[in-house]
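There are 2 protein chains.
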Amino acid sequence: MNLILLRAEELAPTGAGSQRAVLRDRRLQHLREVLRARVGDEVGVGVEGGAIGKATIINLDAQAAELELRLDEPPPPPLDVTLALALPRPPTLRKVLQQATALGVKRFALFRAERVERSYFSSHGLHASALAEDLQLGLEQARDTIVPTVEVHPEHFGRFVRERLPELCEGRAPLVAHPGAATPCPRAPIGPATLIVGPEGGFIPAEVALLKSLAQAIDLGPRILRVETAVVALLARLSP
Amino acid sequence: MNLILLRAEELAPTGAGSQRAVLRDRRLQHLREVLRARVGDEVGVGVEGGAIGKATIINLDAQAAELELRLDEPPPPPLDVTLALALPRPPTLRKVLQQATALGVKRFALFRAERVERSYFSSHGLHASALAEDLQLGLEQARDTIVPTVEVHPEHFGRFVRERLPELCEGRAPLVAHPGAATPCPRAPIGPATLIVGPEGGFIPAEVALLKSLAQAIDLGPRILRVETAVVALLARLSP
Chain A
1 MNLILLRAEE
11 LAPTGAGSQR
21 AVLRDRRLQH
31 LREVLRARVG
41 DEVGVGVEGG
51 AIGKATIINL
61 DAQAAELELR
71 LDEPPPPPLD
81 VTLALALPRP
91 PTLRKVLQQA
101 TALGVKRFAL
111 FRAERVERSY
121 FSSHGLHASA
131 LAEDLQLGLE
141 QARDTIVPTV
151 EVHPEHFGRF
161 VRERLPELCE
171 GRAPLVAHPG
181 AATPCPRAPI
191 GPATLIVGPE
201 GGFIPAEVAL
211 LKSLAQAIDL
221 GPRILRVETA
231 VVALLARLSP
Chain B
1 MNLILLRAEE
11 LAPTGAGSQR
21 AVLRDRRLQH
31 LREVLRARVG
41 DEVGVGVEGG
51 AIGKATIINL
61 DAQAAELELR
71 LDEPPPPPLD
81 VTLALALPRP
91 PTLRKVLQQA
101 TALGVKRFAL
111 FRAERVERSY
121 FSSHGLHASA
131 LAEDLQLGLE
141 QARDTIVPTV
151 EVHPEHFGRF
161 VRERLPELCE
171 GRAPLVAHPG
181 AATPCPRAPI
191 GPATLIVGPE
201 GGFIPAEVAL
211 LKSLAQAIDL
221 GPRILRVETA
231 VVALLARLSP
């Protein structure tokens, strides 16, 4: 946790024109047990959707931490890549959400494909609270405050591609990661993009054919990578 | 597992000039339970240190699988980046070894730094069998056969840098990942390189100063990434 993320409603003005916040949850525990912070220490803070900065701990005990805030920097710029991902198994989903959020992705769309097990769509990892936790871990890691959106598309793949993917790609460069594609993944930012990544085991041929009619197929070389590795590798190449 | 990795001593010639192998361990289990393979199916295989290719399953039961091998392709080219990594906590080490091996790294050097907990050097993850398993998982993922080497350097950081790091960097471009460095991480292969990556929380200033006298400091942008994410991002940019 490189940044303690506060919600706007947790901020209270002080007489002196600065702002304070009081923590009582896992962030308090983190301050005490991981950072072993003391009164007077400075820690990184940010407000959901807003600025980042520093906080001075002005009171700290087992029940609460009181912080005085100086929020004077913008969060890091987002990575303007929408990640459309065939829903992976729950532990992989967590890794991808945390890491892609840390890398700056602000929109995720999780879809069904032939090689996606149906049970994944009823996993706990898709509950709003589980998604929120993974996104928050990614933001805290990267000192970011802008919470990504996550859409879940359990409908049939063909319907997703015809009815939802065009909107996800509108005004953006559509890319589909496909091992063996003739075009290598770009090595520099290409402006707004939508990156489509298939399931472990890949898209089936009919899915590849449909996606190739809508998106540029790109390749990462001859090595077959796990989904979580491929996503980080692709985003790292597209990052500024 | 995109490739079943065989040891050279498991290969037996057949009269017809081809080769066979018999599996009885977790690879048999994988064939039966994950791939749900049947007699006549083809699977990807490779020989440690040698060629990759296809195998036809000619016998399969609960005790053994017999494969007929056609090993006629080279493994994917290695990534000529030596990864010198401050020893991370055991779960992170596993992720880094597996992912960096899948990306083609062939030499790892794990070293001590101020922010490395001493207990990590006595963790089970550094036992030869645990290391071998992580490397094998990475190779099986990427359809590779060339087993990387892993060196562990528990000596003091200063001694490691003075006495071992020069050899690790000899004839190679030395790079140290350091958030905030003025030079961005290269976005293309730069030939043989040694990439030095610090612990979660970073190198302390004295360590940075020492490393900067030996290696070019490079940066991945304003987002602070976890070690496993940073390693994949750096290697992805340096990969062909």
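Line by line, the protein sequences give chains A and B.
Those letters in the first sequence? Residues 1 to 240, by full-length UniProt numbering.
Those letters in the second sequence? Residues 1 to 240, by full-length UniProt numbering.
All C-beta atoms in this analysis are idealised placements derived from N, C-alpha and C, irrespective of residue type, glycine included.
Predicted model, so just to flag it, every value in this text is computed and none were measured.
Could one say the Cβ of residue 248 of chain B lies closer than 8 Å to chain A's Cβ atoms, at least one of them? Because chain B in this structure spans residues 1 to 240, residue 248 of chain B falls outside the shown range and cannot be described.
Could you check how far apart the C-beta atoms of B:L3 and B:V45 are, in whole angstroms? I think they sit under 8 Å. With 8 Å as the limit, B:L3 and B:V45 qualify as a contact, their Cβ atoms being about 6 Å apart.
Among B:P222, B:S213, B:A182, B:E140, whose alpha-carbon lies nearest the alpha-carbon of B:R7? Of B:P222, B:S213, B:A182, B:E140, the smallest CA-CA separation from B:R7 is found for B:E140.
Any heavy atom of the ligand SAM inside 7 Å of the beta-carbon of B:H30? Inclusion of the ligand SAM in the displayed structure is not the case, the ligand content being empty and no account of it being possible.
Measuring CA to CA, which of B:R38, B:E68, B:N59, B:A51 is closest to B:P13? Shortest Cα-Cα distance from B:P13 to any of B:R38, B:E68, B:N59, B:A51 involves B:E68.
Could you tell me which of B:D72, B:L131, B:L31 sits nearest to B:D41, measuring between CA atoms? Looking at the Cα atoms, B:L31 is the closest of the given residues.
Suppose only complete runs of 3+ residues qualify. What are the beta strand (DSSP E) ranges in the segment 59–92 of chain A, listed by chain order? Listed in chain order, the complete beta strand (DSSP E) runs (minimum 3 residues) inside the segment 59–92 of chain A are 65–73, 79–86.
Rounded to a whole number of angstroms, what is the C-alpha to C-alpha distance between A:L175 and A:P186? It is roughly 10 Å from the alpha-carbon of A:L175 to the alpha-carbon of A:P186.
Which parts of the segment 188–239 of chain A are runs of the beta strand (DSSP E), unbroken and 3 residues or longer, counting only runs that do not cross its ends? Segments of the beta strand (DSSP E) lying fully in the segment 188–239 of chain A: 193–197, 216–219.
Going by CA-CA distance only, name the one from A:K54, A:A16, A:M1 that's closest to A:Q29. Sorting A:K54, A:A16, A:M1 by C-alpha distance to the C-alpha of A:Q29 places A:M1 at the top.
Between the segment 130–148 of chain B and chain A, which residues of the former have a C-beta closer than 8 Å to a C-beta of the latter? Under the 8 Å Cβ criterion, the segment 130–148 of chain B contributes Q141, A142, R143, D144.
List, in order along the chain, the chain A residues whose C-beta lies closer than 9 Å to that of B:R187? Result: R187, A188, R237.
Which class does A:P148 belong to by DSSP, given the choice of helix, strand or coil? Coil at A:P148, not helix or strand.
Is the beta carbon of A:Q99 closer than 8 Å to that of A:E228? Cβ atoms of A:E228 and A:Q99: closer than 8 Å.
Given that a residue counts as buried once 16 or more other Cβ atoms are within 10 Å of its Cβ, and exposed if not, what is A:V39? A:V39 is exposed by the Cβ-count criterion.
Which same chain residues end up closer than 7 Å to B:A113 when comparing Cβ atoms and leaving out the 5 residues on each side of it in sequence? When the five nearest sequence neighbours on each side are left out, the beta carbons in the same chain lying within less than 7 Å of the beta carbon of B:A113 are those of A86, F157, G198, P199, F203, E207, in order along the chain.
Mind listing the chain A neighbours of B:I4? Cutoff is C-beta to C-beta under 9 Å, in chain order. Ordered by position in chain A, no residue passes the 9 Å Cβ test against B:I4, which lies about 14 Å from the chain.
Measure from the alpha carbon of A:K95 to the alpha carbon of each residue in B:L225, B:V161, B:Q63, B:A21, then state which is nearest. Taking A:K95 as reference, the option from B:L225, B:V161, B:Q63, B:A21 with the minimal CA-CA separation is B:L225.
Of all the residues that make up the segment 193–208 of chain B, which are near chain A by a beta-carbon distance shorter than 7 Å? Under the 7 Å Cβ criterion, the segment 193–208 of chain B contributes no residue.
Label residue 261 of chain B either buried or exposed according to how many other C-beta atoms from any shown protein chain fall within 10 Å of its C-beta, with 16 as the threshold for buried. Not covered by the structure: residue 261 of chain B. The range shown for chain B is 1 to 240.
Is it the case that the Cβ atoms of A:V47 and A:I57 are separated by a distance below 8 Å? No; because the gap between Cβ atoms is not below 8 Å, this pair is not in contact.
I want to see whether chain B comes within less than 8 Å of A:I224, judged by CB atoms only; does it? Cβ-Cβ to chain B under 8 Å: yes for A:I224.
Residues of the segment 93–104 of chain A with Cβ closer than 7 Å to any Cβ of chain B, in chain order: Q99, A102, L103, G104: these are the residues of the segment 93–104 of chain A whose beta carbon lies less than 7 Å from some beta carbon of chain B, given in chain order.
6 Å Cβ shell around B:K54 - same chain, five flanking residues per side excluded: If the five residues before and after B:K54 are omitted, its C-beta is found closer than 6 Å to the C-beta atoms of E42, R70, all from its own chain and listed in chain order.
Beta carbon of B:D219 nearer than 8 Å to that of B:T194: At least 8 Å separates the beta-carbon of B:D219 from that of B:T194.
Confirm, please, whether the CB-CB distance from A:A102 to A:G138 is below 8 Å. Yes, Cβ-Cβ distance for A:G138 and A:A102 is below 8 Å.
Would DSSP call A:V176 helix, strand or coil? In this structure, A:V176 counts as strand in the three-state DSSP scheme.
Interface residues of chain B facing A:A233 [CB-CB closer than 7 Å]: At a beta-carbon threshold of 7 Å, the residues of chain B lying near A:A233 are V232, A236, ordered along the chain.
Identify the contact partners of A:P240 in chain B, using a Cβ-Cβ distance below 7 Å as the criterion. Within chain B, the residues near A:P240 are G221.
Please say whether B:F108 and B:H153 have beta carbons closer to each other than 8 Å? Not closer than 8 Å, so no.
Provide the residue(s) that pair with A:Q19 in DSSP beta bridges, ordered along the chain. Bridge partners of A:Q19: A:P13, A:L69.
Buried or exposed: B:G104, going by 16 or more other Cβ atoms within 10 Å of its Cβ? With 16 or more Cβ atoms within 10 Å of its Cβ, B:G104 is classed as buried.
Under 7 Å from the C-beta of B:P78: neighbouring residues of chain A: Simply none; closest approach about 10 Å.
Nearest residue (CA-CA) to A:H178, options A:E66, A:L210, A:Y120: Of the candidates A:E66, A:L210, A:Y120, the one whose C-alpha sits nearest the C-alpha of A:H178 is A:L210.
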